[in-house]
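So in the numbering used here, the last one in the sequence shown is 542, and the numbering has no gaps at all. Quick notes on the structure that follows.
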Amino acid sequence: MIPLFEQYPDLQRRLAYVPLGQFPTPVQRLERLEGYAGSGRIYIKRDDISGESYGGAKLRKLEFLLGAALQARAKAVLTFGYAGSNHALATTIYARKLGLQSILELLPQPNAHYVRTNLLAAHLFEAELHYYRNPLLLALGTIRDLLKHKLTDGKFPTLIRPGGSSPVGATGLVNAAFELRNQVERGILPEPDRIYVALGSMGTAVGLTVGLRAAGLKSQVVAVRVAGRAFVNERTMLRQLGELNRFLHARDPSFPMLELTLADVEIRHDFYGRHYALFTDEGMEAVALMKQHEGITLEGTYTGKTLAALLADTEHRERDQSRGSVALFWNTYNSRNLTADVAGLDYHRLPRPLHWYFEHDVQPLDTLDPGSIEGPDGD
Ligand SMILES: *Cc1c(COP(=O)(O)O)cnc(C)c1O
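What follows is the structure, given as structure tokens:
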């Protein structure tokens, strides 16, 4: 049984859930990266290997989101993302495993190798792909697609919010915090002082924060913003924290109403750079350091920026007291390599406007050749 349901049996009765991943994900100490950073202890939570065919933290959300779609007897799920969205791809892969069609409504983003891989993989796993120049056109197209599927399937598709960041989805990360507490209790790692996680559509950081407090851990979440400030800020963070907490309390009154404030989760704005999915020098340096010292593959949109914040803090802290401090890097990225699966696919089979990503250069900082990246190091 998953740790959240062990603690709150009423939640098990009230929430749909379908197991998709391999949990608990391992925790490892990154001694070689510590040696480079020079002070403090650094651990990693390996959510990148949460799934046999495709990993990442999105799987935790999908166990609840797709569970709810199955319970609603949906035939299809419809979700949103930027062209290279890991969330859209993860939804497609796991929806298909469950016999559900996926419909993806996508928006433009800066070009990168992973965008090409994710688009081809979404096609390989039979997603219905739609692409729009702007959010207004996306809204209109989504209404069209919902109606179209109502006519052909006899049912509306189940909607999944961008990034899967609804209370239902974020519940997967509440469970992750209880999973982490079990690992702390078993001595696999000390209770972290700080937990670094990327902040995109916010559900990951929101779920972890609510879960850590409910689980009685004192770790501070450091949420490294990687998306625009208009949607990702202190106000929207507090709103999502409250929304998730009320959702869980309503389904199991023994789940506490927590007094969550911005002392529980710090938003870091200083590693974002200029745009969503536009890589930064510090972020790509962090990606290279993780590869070189630990053999683990990160990327420039989320996890590189997040590790850059962790490393910068570690260097600053060296001068003050916190030599023994423990930082946990939550690896939210999928590290199962899909490039071989999509190698033979022709991008001309994608909707025509998406060909742009294959016919134009990737951004200058995207220097990693995905063909040369090995899979996870297997331990
Ligand atoms: C989606 C995603 C995140 C961020 O999670 P949110 O819940 O959207 O904030 C972090 N890392 C990777 C690799 C992701 O795909």
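Beta carbons are placed, not taken as given, at the ideal position from N, Cα and C, and that holds for glycine.
Worksheet item: Can you name, in chain order, every residue of its own chain whose Cβ lies under 7 Å from the Cβ of residue 346, other than the five neighbours on each side?
Response: Leaving aside the five residues that flank residue 346 on each side, the residues in its chain whose CB is nearer than 7 Å to its CB run, in chain order, 187, 190, 352.
Discussion item. Here's the rule: buried if 16 or more other CB atoms are within 10 angstroms of the residue's CB, otherwise exposed. What is residue 201?
Written reply: With fewer than 16 other Cβ atoms within 10 Å, it is exposed.
Worksheet item: Nearest to residue 205 by alpha carbon, out of 492, 258, 388, 339?
Response: From the listed residues 492, 258, 388, 339, the smallest Cα separation to residue 205 is found for 492.
Discussion item. Considering only heavy atoms of ligand 1, does any lie closer than 7 Å to the CB of residue 281?
Written reply: No, the Cβ of residue 281 stays beyond 7 Å of every heavy atom of ligand 1.
Fill in: Euclidean distance between Cα positions of residue 534 and residue 325
Since pLDDT at residue 534 reaches only 46, below the 50 mark, its modelled position is unreliable, and the value read off the structure follows with that caveat. Their backbone Cα atoms lie some 29 Å apart in a straight line.
Worksheet item: With distances taken between CB atoms, is the gap from residue 434 to residue 387 smaller than 8 Å?
Response: In this structure, residue 387 lies closer than 8 Å to residue 434 by Cβ.
Discussion item. Going by DSSP in three states, residue 212 sits in which element: helix, strand or coil?
Written reply: In the structure shown, residue 212 adopts helical secondary structure according to DSSP, grouped into three states.
Worksheet item: For residue 195, which three-state DSSP category applies?
Response: Under the three-state reduction of DSSP output, residue 195 falls in the helix class.
Worksheet item: Relative to ligand 1, is the shortest distance from any of its heavy atoms to the C-beta of residue 417 smaller than 7 Å?
Response: Every heavy atom of ligand 1 is 7 Å or more from the Cβ of residue 417, so no.
Item to complete: Starting from the N-terminal side, write out each stretch of the beta strand (DSSP E) that is 3 residues or longer and does not extend beyond the stretch 483-511.
Response: The qualifying runs are 489-493.
Item to complete: Tell me where the alpha helix (DSSP H) around residue 324 begins and ends.
Response: Bounds of any alpha helix (DSSP H) do not take in residue 324, whose DSSP letter is neither H nor E.
Worksheet item: Under three-state DSSP, which class holds residue 242?
Response: In the three-state scheme derived from DSSP, where H, G and I count as helix and E and B as strand, residue 242 is classed as strand.
Practice prompt. Using only alpha-carbon positions, find the residue among 193, 416, 332, 245 that is nearest to residue 403.
Written response: Sorting 193, 416, 332, 245 by C-alpha distance to the C-alpha of residue 403 places 332 at the top.
Worksheet entry | Collapsed DSSP secondary structure at residue 513 in the structure displayed | In the three-state reduction of the DSSP assignment, residue 513 falls in the coil class.
Practice prompt. Within its chain, find whatever has a CB closer than 8 Å to the CB of residue 180; leave out the 5 residues flanking it on each side and keep chain order.
Written response: Excluding residues within five positions, the ones whose Cβ falls inside 8 Å are 165, 168, 226, 227, 230.
Item to complete: Would you identify the three-state DSSP class for residue 266, choosing helix, strand or coil?
Response: Strand at residue 266.
Worksheet item: In three-state terms, what does DSSP make of residue 252?
Response: Reduced to three states, the DSSP call for residue 252 is helix.
Worksheet item: Does the beta carbon of residue 400 fall short of 7 Å from some heavy atom of ligand 1?
Response: Incorrect: residue 400 has no Cβ contact closer than 7 Å to ligand 1.
Item to complete: In angstroms with no decimal places, state the Cα-to-Cα distance between residue 411 and residue 337.
Response: For residue 411 and residue 337, the distance between alpha carbons rounds to 10 Å.
Worksheet item: How big is the Cα-Cα spacing for residue 425 and residue 500?
Response: Between residue 425 and residue 500, the C-alpha separation is close to 36 Å.
Worksheet item: At a Cβ threshold of 8 Å, is residue 467 touching chain B?
Response: Protein chain content of the structure displayed is limited to a single chain, and chain B is not contained in it.
Worksheet item: Would a C-beta distance cut-off of 8 Å place residue 447 and residue 528 closer than the cut-off?
Response: In this structure, residue 528 lies closer than 8 Å to residue 447 by Cβ.
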